[in-house]
Every structure is written in C-alpha cells, then in structure tokens.
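Read through the structure below, which is laid out as structure tokens, and then see the notes.
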Amino acid sequence: MKYGVLVQPEGDMRAFTETVKWLDTLTMVDGIWIPDHMVRYNPNGSGTYIPRHDTLTCASLAAAHTKRLNIGTLVLPYLLYNPVQLAKAVFTLNNYLLDERIFYLGLGTGAPNDPSYEMLNIDFPPYAERVAHFHAYLDTLMLLFKREPTVKGYIQQPVLPEGKPPHLVIASHNKSIIEVIPQLGSFVTIGAYGDNIENIIQSATQQSEWFDNACKNNFKPPNEATLKIFFPYGKIARISFVTWLTFHTLRNTLTHMGYNYLIVPFVKENSLIQEILQTGGHTTLRPNSF
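Note that this note's numbering has the sequence shown beginning at 2, numbered continuously upward.
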C-alpha cells in the first residue's frame, strides 16, 4: 500500500511549504495531494467558509520545495478549467518534474455541495449533463496530451510545450466514466459518506468492482502503474484515524479489494496520522491504543 498526504491549500503559504518539505523527509510518503475548491467549510461549526489558494500554484510550490515526492490534485472540477489552459499548466509543471517524479492530474465532475460555482456565478448542470460533458472533456485533454501538430497556414507545430503527459487520476461514482478509466489512467474513490467503517467499505465496493470489470473488458489488468486510490473524507476520516484498530480495519479491507494507494488527510494535531506517515502503518497494534 502506498501512502499520499492531502495538504490543504490555505492559510500562510510559508507554513504550507514547511509542511511539504517535512513530508519530503518521510520515505513512507509517496506524494502530496492538493484539493481544489474555492473554499472549505469551517469545521468549527460557525457556518462560515475558509478561503483556499489556487491548487495548481500550490502544486508548483510543492514541486519546487520537495526533491522526491510526487504531486497530485484531488480533484480538479473540470467545469472550472479550460482544457487547453489546463494542459499547458500541467505540461509546464511536468517539464520541471522531468522523468524523476510524477504529476497526478486528478479530475472529477464536481461535488454537488461545493459552493464554488455559486460564488463564481457559474451554472452547475445536473449530474447526467456533467457526466456527458466530462466524456467530451477527457477526449479533448487526451488529444492535447498527444502533442500532435496543428495546422495554421503553412506552419505545423504542437500547441503545448515540451513535457510528458500527467498520470491521469479520475474520481467518479458513475459507471460509464469508470468503464473508460483503464484506457486513460488510474481511479480514485473519495469516500465521503457513512457512519462507520462498514458503511465506508460498502460504498467503495461497487466502484471497485466496476473498475476491476472495466480493466478486464479492456484487456488491461491493473499493473504497478495503475492505481486504485482511496481517500477517506470528512467524517469518514475522523472515524478511520481514531485508533490503530480502525485504521488497520480500513487498510486491510481496502487491500483485500485491490486498492493499492491510501491518501491520508494531514492533521497536525492527530498523533495517529503522524505515526502512520512515519511508519507506513506497520506499527504493531497496541492494546492501549484501541
């Protein structure tokens, strides 16, 4: 099981860079993942929101302040990103990472409870419409990633700078999208619902089965480069990282389902998360930690 760490792009950016530099020293950590919403709901119950910094700018800062960590977005809502501008930004960042590290471009159809759209006065289409447009958006991105020459008069040249395509990571609860993921990259389940570990696992099982069947139907069995990623979000994260017992229950069940990558939320005050990141979750269970 590989481990990534979700780092919030908010507050003092100097503190953000210090955090990513510290994570770079932990050999058990594979990569840094940065979420993308205009704001985050304030957990203090005040009904307010915490503003966030730009995700791709933070990804560039993280790349510049680390030496070995991979960098990822979790996830960019495609409606807020022009595909050409996004492709140029990604190729620019990957040009810096070269062949030594990976940029995980996480994309999704957008969370229904994300207030970003209302704040930006952008229409939020119904789910079925977002799914249909997402297929076309992915086709456009993959065409851009090929860097094939485009014709303008007598000149033929690529529109993107030198660089390698990102490792595409797609988040979706939709079967039609999950079915095409094996042709494009890797899959992430964002577990956001449920009151206990059993509910979390149940919500992940269906998506896991769809992805596995899609791999078989595309004659592309998962390999070391294919990631099945799980990220426990919100209340689920609070449930999962309370004791070693709850963490091991989650990790072992996910491993049994074929998940090979777990993204841990960075919570400075949570001693269990700190220990997981430093040991890779291999510390022996202690009775007094239950």
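By construction, the Cβ of each residue, glycine as well, lies at the ideal position given by its N, Cα and C atoms.
Since this is a predicted model, take the numbers as computed values, not measurements.
| Asked | Found |
| --- | --- |
| Please name the residue, chosen from K147, F17, P159, that lies closest to A63 on a Cα-to-Cα basis. | F17 |
| Spatial neighbours of F92 within its chain, please: CB distance less than 7 Å, with the 5 preceding and 5 following residues excluded, ordered by chain position. | L161, P162, G164 |
| Taking the Cβ atom as the reference point for each residue, do Y105 and V21 lie within a distance shorter than 8 Å? | no |
| So, does the stretch 51 to 70 touch the stretch 122 to 142, judging by three or more C-beta pairs under 8 Å? | no |
| Counting only runs of 4+ residues fully inside the stretch 103 to 144, write out the alpha helix (DSSP H) ranges in chain order. | 117 to 120 |
| Evaluate D55 with the Cβ neighbour count: other Cβ atoms within 10 Å of its Cβ, from every protein chain shown; 16 or more gives buried, anything less gives exposed. | exposed |
| Mind checking which residues open and close the beta strand (DSSP E) that includes R252? | It is not in any beta strand (DSSP E) - R252 instead sits in the alpha helix (DSSP H) that spans 245 to 257. |
| Would you mind giving the Cβ-Cβ distance between I182 and F231, rounded to the nearest angstrom? I have them listed as a contact below 8 Å. | Rounded, the Cβ-Cβ distance is 15 Å, inconsistent with contact. |
| On the DSSP letters alone, give me the boundaries of the beta strand (DSSP E) that N71 sits inside. | 71 to 74 |
| Note down the Cα distance separating L139 from H66, rounded to an integer number of angstroms. | 30 Å |
| What whole-angstrom Cβ distance do L263 and L255 have, given they're in contact under 8 Å? | 7 Å |
| For S290, which three-state DSSP category applies? | A caution first: S290 carries a pLDDT of 35, below 50, which makes its placement in the model too unreliable to give a value. |
| Am I right that L77 and D13 are in contact with their C-beta atoms under 8 Å? What's the rounded C-beta distance? | Incorrect: roughly 23 Å between the Cβ atoms, too far for contact. |
| From G259, K217, L228, pick the residue whose C-alpha is nearest to that of T206; which is it? | G259 |
| Who does T190 pair with in a DSSP beta bridge? | F231 |
| Once the 5 residues before and after N95 are set aside, which same chain residues still bring their CB inside 7 Å of it? | F104, G164, K165, P167 |
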